[in-house]
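A quick write-up on the structure given underneath.
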Amino acid sequence: MKKILGFFAMILAVFCLGSCSPKSKTFTGEGISITLNSSFSEIDVINWHIALQSTETIFMGSGTSKSGYSSLASFANDLSSSTTHTEITEREGKYLYCYYTLSVEGIEFGYMFIAKEGAFKYYAMNFCCKSKNLEKNKSQYLKWADTIVVE
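Going by the numbering used here, the sequence shown opens with residue 583, and the numbers climb by one from there.
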């Protein structure tokens, strides 16, 4: 009887733990799609085509005309020039990215900036969290950034 109860307790634990992790969910805004997890929800932020938040992370993205920029690199450098950021890195030919921190109303935030080229627009996107969490979130942000599709 103890073995049967132990077995059922183990099965119950597996189902409970499995159901606790958020499932993947694809979100779409004007020209941008990204697959995150179901802990994210849509929010309205002026001047951003897509804005999503979870309890720990915010993601925002927007597209702009390619006119006025000679390349994706010039676009990324122009947008990131007002921050003190890590070196802009190319991710396997998919997008450019860098990390930076910024204080907003006395709170220090950490960001992953992403620049990606679409057919007619360049897209600027950011993941944002409290700066103390940026280091531990970097690998997850890269995984999520790899799922971004732009028009």
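Cβ coordinates follow ideal geometry from the N, Cα and C atoms, glycine included.
This one's a predicted model, so the numbers in the text were calculated from it and none came from an experiment.
Euclidean distance between Cα positions of residue i and residue j
{"i": "K725", "j": "L716", "result": "14 Å"}
{"i": "S653", "j": "Y677", "result": "12 Å"}
{"i": "S644", "j": "N659", "result": "16 Å"}
{"i": "S620", "j": "S636", "result": "9 Å"}
{"i": "M707", "j": "T666", "result": "17 Å"}
{"i": "A655", "j": "Y704", "result": "10 Å"}
{"i": "V731", "j": "S623", "result": "18 Å"}
{"i": "S664", "j": "P604", "result": "35 Å"}
{"i": "W630", "j": "E612", "result": "9 Å"}
{"i": "M592", "j": "Q722", "result": "Note that M592 has pLDDT 35, beneath the 50 cutoff, so the model's placement of it is unreliable and the number below is only indicative. Approximately 29 Å between the Cα atoms of the pair."}
Minimum C-alpha distance to residue i - residue among the options
{"i": "C710", "options": "F691, S620 and G700", "result": "F691"}
{"i": "T671", "options": "A697, D660 and S606", "result": "A697"}
{"i": "I689", "options": "K714, S621, S662 and F641", "result": "K714"}
{"i": "S647", "options": "N719, A633 and G700", "result": "G700"}
{"i": "F657", "options": "Y679, K712, E674 and S606", "result": "Y679"}
{"i": "I640", "options": "E733, K718 and K712", "result": "K712"}
{"i": "S606", "options": "I632, T617 and N629", "result": "T617"}
{"i": "R673", "options": "E638, M694, E733 and G611", "result": "M694"}
{"i": "T608", "options": "L634, S649 and I628", "result": "L634"}
Enclosing alpha helix (DSSP H) for residue i [first to last residue]
{"i": "A727", "result": "S713 to A727"}
{"i": "F657", "result": "L654 to S662"}
Segment limits, beta strand (DSSP E) that includes residue i
{"i": "S685", "result": "Y677 to V686"}
{"i": "C691", "result": "In the sequence on display, residue 691 carries Phe and not Cys. I689 to E699 is the span of the beta strand (DSSP E), which, as asked, contains F691."}
{"i": "E669", "result": "Counting along the chain, E669 falls outside any beta strand (DSSP E), and DSSP gives it neither H nor E."}
> What are the start and end residues of each continuous beta strand (DSSP E) run of 3 or more residues lying completely inside the segment 604-651, in chain order?
Replying inline: 606-611, 614-619, 632-635 and 640-647
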